[in-house]
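Scroll down for the structure; my scribbles are underneath it.
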Amino acid sequence: MSKGTPSMGRRQKTTHIRCRRCGRNSYHKQKSVCAACGYGATSKMRKYSWSKKSHRPKA
């Protein structure tokens with residue numbers, strides 16, 4: 001099977017559904033883990049320093 005236009009019509013399954021903790025559409029149904037907040041894998045919120053926005057002081 002090629003990965004071009006013909007195979008795009010075969011993509012019907014939803015991999016991710018709405019997460020009940022963060023509300024984003026990133027809860028993996030088969031893995032039972034949220035890719036955004038880590039729900040299902042850990043009770044702590046998933047966060048990394050490289051994904052934080054830089055803090056700007058008030059002018």
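For the sequence shown, the positions run 1 to 59 when this note's numbering is used. For every residue, glycine included, the Cβ atom is placed at its ideal position computed from N, Cα and C.
- At a Cβ-Cβ threshold of 8 Å, glycine 40 and serine 51 do not count as neighbours.
- Bounds of any alpha helix (DSSP H) do not take in methionine 45, whose DSSP letter is neither H nor E.
- Going by C-alpha positions, histidine 16 is about 12 Å away from glycine 23.
- Where threonine 5 is concerned, the enclosing alpha helix (DSSP H) starts and stops at 5-8.
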